[in-house]
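Sequential numbering from 253 applies to the sequence shown in the working numbering. One structure is given here, and the rest of the page talks about it.
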Amino acid sequence: MKALVLKEYGRFIVEDVPRPRLQPDEALVRVRACGICGSDVHGMDGSTGRRIPPLIMGHEGAGEITEVGPAVKGWKPKDRVTFDSTIYCGRCWHCLRGEVNLCDERRVLGVSCAEFRRDGAFAEFVAVPARILYRLPDSLSFEQAAMVEAVSVAAHAVKRTPLEAGASVAVLGAGMIGSLVIQVLKAAGCRRVIALDLDGDRLELALRLGATAAARADSPGLAATIRRFSHERGVDAAFDVVGLATTVAAAVGLVRKGGSVTLVGNAEPRADLPLQAVVTRQVTLIGTCASAGEYPACLELIASGRVNVTEFISATPPLEEGAEWFGRLHAREKGLMKVLLKP
Ligand SMILES: [Zn+2]
Ligand SMILES: [Zn+2]
Numbered sequence: 253m254k255a256l257v258l259k260e261y262g263r264f265i266v267e268d269v270p271r272p273r274l275q276p277d278e279a280l281v282r283v284r285a286c287g288i289c290g291s292d293v294h295g296m297d298g299s300t301g302r303r304i305p306p307l308i309m310g311h312e313g314a315g316e317i318t319e320v321g322p323a324v325k326g327w328k329p330k331d332r333v334t335f336d337s338t339i340y341c342g343r344c345w346h347c348l349r350g351e352v353n354l355c356d357e358r359r360v361l362g363v364s365c366a367e368f369r370r371d372g373a374f375a376e377f378v379a380v381p382a383r384i385l386y387r388l389p390d391s392l393s394f395e396q397a398a399m400v401e402a403v404s405v406a407a408h409a410v411k412r413t414p415l416e417a418g419a420s421v422a423v424l425g426a427g428m429i430g431s432l433v434i435q436v437l438k439a440a441g442c443r444r445v446i447a448l449d450l451d452g453d454r455l456e457l458a459l460r461l462g463a464t465a466a467a468r469a470d471s472p473g474l475a476a477t478i479r480r481f482s483h484e485r486g487v488d489a490a491f492d493v494v495g496l497a498t499t500v501a502a503a504v505g506l507v508r509k510g511g512s513v514t515l516v517g518n519a520e521p522r523a524d525l526p527l528q529a530v531v532t533r534q535v536t537l538i539g540t541c542a543s544a545g546e547y548p549a550c551l552e553l554i555a556s557g558r559v560n561v562t563e564f565i566s567a568t569p570p571l572e573e574g575a576e577w578f579g580r581l582h583a584r585e586k587g588l589m590k591v592l593l594k595p
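Take a look at the structure:
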């Protein structure tokens with residue numbers, strides 16, 4: 253089969269490789285679309301240590317089943333599917349509590365690091381355990397389905413956040429995940445969501461996708477805007493979808509006493525914390541990672557049109573152009589959001 257192989261850091265080749273051998277509990281999926289994730293782009297140059305070559309990357313895929321192992325029940329060839337990017341064990345203490353994103357044996361498709369290596373979906377075929385498969389609603393395209401991982405990250409962050417009826421919410425960072433957080437909040441019935449970013453185009457997009465207000469994060473009038481937006485109290489909840497010391501501090505400063513800050517982004521591994529403000533204003537800090545069981549609801553949100561993912565799909569090139577598009581993403585070409593490769 254054809255596959256886009258990371259041969260060494262920064263160098264890809266499309267080459268013929270053997271099809272994956274199926275374990276008894278796995279299904280073989282003919283990949284129709286697979287998204288290039290930010291973690292793939294950061295990983296390709298060796299900076300994260302989680303894409304050790306040679307490797308077939310790709311964990312945001314969708315396609316149809318062509319073959320199932322003898323132990324697989326409930327799935328058959330031609331089923332249209334997507335799959336969790338996390339392969340969880342289903343047996344450890346966290347998995348048994350439904351916290352599959354925290355699985356002790358967690359592996360990610362298309363990742364190779366010191367602990368494991370698992371080829372991913374930038375290839376004609378990928379093998380995945382049947383327990384991580386999800387059926388696609390008929391109306392959903394493979395391209396839309398390949399966006400579900402991003403939606404699930406947003407949905408999990410929203411689920412982790414205590415939100416009372418009528419809550420006011422600020423979202424710091426209106427890129428793709430931030431805009432998805434906004435859409436999921438709106439779908440969950442939240443009517444007061446303000447988007448904050450340094451980029452005017454992103455703020456415009458956030459407004460188009462349902463934010464009720466938008467403001468430049470560096471505008472001198474921001475504090476007054478937030479007070480007006482939140483009954484003079486500060487917002488009930490803030491999402492930091494960036495993850496810099498400055499955005500964490502800003503988020504803490506935007507919430508009311510007793511409010512919460514949900515930490516989604518981690519652009520920097522460490523960030524200074526305004527500890528005294530967190531303690532004395534009794535702010536709840538919430539970490540959130542990947543997703544745990546949100547896929548079916550997210551597939552429905554996309555299929556029903558309540559969450560728009562097509563806005564974020566910048567291009568859908570064939571696998572052969574993978575190296576070029578990785579390069580453009582790595583160079584941070586302006587306006588590029590999600591690129592889906594079509595093997
Ligand atoms: Zn991803
Ligand atoms: Zn587990």
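Here a beta-carbon is modelled for each residue, glycine too, at the ideal position from N, C-alpha and C. All values derive from a computational prediction rather than experimental measurement.
- The secondary-structure analysis by DSSP pairs GLU267 across a beta bridge with ALA255.
- A Cβ-Cβ distance of about 20 angstroms is found for the pair CYS286 and PHE368, leaving them out of contact under the 8 angstroms criterion.
- In this structure, ALA426 lies near ASP451, with their beta-carbon atoms less than 9 angstroms apart.
- If you look at ASP453, you'll find it in the alpha helix (DSSP H) that goes 452 to 460.
- Residue nearest to THR532 within the set ALA523, GLY510, PRO305 and ALA575 is GLY510 (criterion: CA-CA distance).
- Between LEU571 and LEU588, the CB-CB gap reaches or exceeds 9 angstroms.
- GLN396 and TYR547 have their C-alpha atoms spaced approximately 13 angstroms apart.
- About 13 angstroms separates the Cβ atoms of CYS289 and SER404, ruling out a contact at the 8 angstroms cut-off.
- In the three-state scheme derived from DSSP, where H, G and I count as helix and E and B as strand, LYS325 is classed as coil.
- Look at CYS347: its beta carbon is at least 8 angstroms from all of the heavy atoms in ligand 1.
- Excluding residues up to 5 positions away in sequence, LEU258 and SER364 lie with their Cβ nearer than 6 angstroms to the Cβ of LEU307 in the same chain.
- For TYR340, the closest C-alpha among the options PRO305, ALA314, LEU385 and LEU432 is that of LEU385.
- Assignment of ARG284 by DSSP, reduced to helix, strand and coil, places it in the strand class.
- Look at SER393: its beta carbon is at least 8 angstroms from all of the heavy atoms in ligand 1.
- Distance from the Cα of PRO305 is smallest, within the candidate group LEU256, LEU392, ARG358 and ASP390, for LEU256.
- For LYS594, the pairing in a beta bridge is given by DSSP as PRO570.
- If you draw a 10 Å sphere on the C-beta of LEU525, you find fewer than 16 other C-beta atoms in it, and that means exposed.
- Here DSSP, grouped into helix, strand and coil, assigns TYR261 to coil.
- Between the segment 480 to 499 and the segment 452 to 462, the count of Cβ pairs shorter than 8 angstroms is below three; the stretches do not touch.
- Shown here, PRO548 sits in a helix according to DSSP, grouped into three states.
- Boundaries of the alpha helix (DSSP H) around VAL400: 400 to 412.
- For PRO381, DSSP records a beta bridge to GLU278.
- In the structure shown, LYS438 falls within a helical segment according to DSSP collapsed to helix, strand and coil.
- Not one heavy atom of ligand 1 falls within 8 angstroms of the beta-carbon of GLU484.
- Under the three-state reduction of DSSP, ASP356 is assigned to coil, being neither helix nor strand.
- Residue state for VAL531 is assigned as helix, using DSSP reduced to three classes.
- LYS590 sits buried, since 16 or more C-beta atoms from the chains shown fall within 10 Å of its C-beta.
- With a cutoff of 8 angstroms, SER566 does not count as near ligand 1, since its C-beta is closer than that to no heavy atom of the ligand.
- Distances taken from the Cβ of ASP356 to the heavy atoms of ligand 2 include one shorter than 8 angstroms.
- Straight through space, the alpha carbons of GLY505 and THR464 are spaced by roughly 20 angstroms.
- Look at THR300 here: in three-state DSSP terms it is coil, with no helix or strand label.
- CA-to-CA, the gap between ALA440 and ASP449 works out to about 22 angstroms.
- In the DSSP secondary-structure assignment, LEU474 is not bridged to any residue.
- Counting C-beta pairs with one atom in each stretch, the segment 340 to 350 and the segment 407 to 419 have fewer than three that are closer than 8 angstroms, which means they do not touch.
- Counted as a single uninterrupted DSSP element, the stretch harbouring GLU395 is not any beta strand (DSSP E) but the alpha helix (DSSP H) occupying residues 394 to 397.
- Two segments are said to touch when three or more pairs of C-beta atoms, one from each, lie closer than 8 angstroms; by this definition the segment 560 to 571 does not touch the segment 272 to 282.
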